[in-house]
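Novice:
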Amino acid sequence: MLDATQNDGQFPVRVLFSDETCFTRESVFNTLCAYVVVRKFHITVSSDVQHKFSNNIWAGILGDHLLGPYLLPERLNGTVKYLVFLQHVLPDLLQGIPTNLRQNM
Numbered sequence: 001m002l003d004a005t006q007n008d009g010q011f012p013v014r015v016l017f018s019d020e021t022c023f024t025r026e027s028v029f030n031t032l033c034a035y036v037v038v039r040k041f042h043i044t045v046s047s048d049v050q051h052k053f054s055n056n057i058w059a060g061i062l063g064d065h066l067l068g069p070y071l072l073p074e075r076l077n078g079t080v081k082y083l084v085f086l087q088h089v090l091p092d093l094l095q096g097i098p099t100n101l102r103q104n105m
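Residue numbers (my numbering): 1 to 105.
1. Taking CB distances under 8 angstroms as the criterion, tell me whether Leu71 reaches chain C.
2. Considering only the beta carbon of each residue, do Gly60 and Ser18 sit closer than 8 angstroms?
3. Flag this pair as yes or no: are the beta carbons of Leu90 and Arg102 separated by less than 8 angstroms?
4. With DSSP collapsed to three states, give me the class of Thr24.
5. So what's Pro73 in DSSP terms, helix, strand or just coil?
6. Assuming Asn7 is part of the beta strand (DSSP E), what are its boundary residues?
7. Just to confirm before moving on: does the CB-CB distance between Tyr70 and Leu76 stay below 8 angstroms?
8. On the criterion of 16 or more Cβ atoms from any shown chain inside 10 Å, does Leu72 qualify as buried, or is it exposed?
9. In this structure, how does DSSP classify Gly96 when only helix, strand and coil are distinguished?
10. Leaving aside the five residues before and after Phe11 along the sequence, list all residues of the same chain whose C-beta is less than 6 angstroms from its C-beta, in chain order.
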């Protein structure tokens, strides 16, 4: 990439930089299931897991344009869901990008 940038200063502007990440939280604290036990001035707090969730998010940068964020399915597999994203969702996300930039990326 460094060589490409030295040969063409506009190269980074035409690259779609993208990443995906998964945000998880092991649980949502349920205050209705919490209780406190006091024995000899020791306090114990117990809680149960109410909900587990995760968010798989994709975003991209093309030039000075931000694409997304886009909420992906919780589990991606390379043959079906990610291919659907690349073929159907990504073109829709690129609609807000100027045509000349899309054609030269």
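Think of the CB as a built atom: it goes at the ideal place given N, C-alpha and C, for glycine as much as any other residue.
Specialist: Taking the geometry as given:
1. Absent here is chain C; the protein component of the structure consists of one chain.
2. yes
3. no
4. strand
5. coil
6. Per DSSP, Asn7 belongs to no beta strand (DSSP E); it is in the alpha helix (DSSP H), Leu2 to Asn7.
7. no
8. buried
9. helix
10. Ala4 and Thr5
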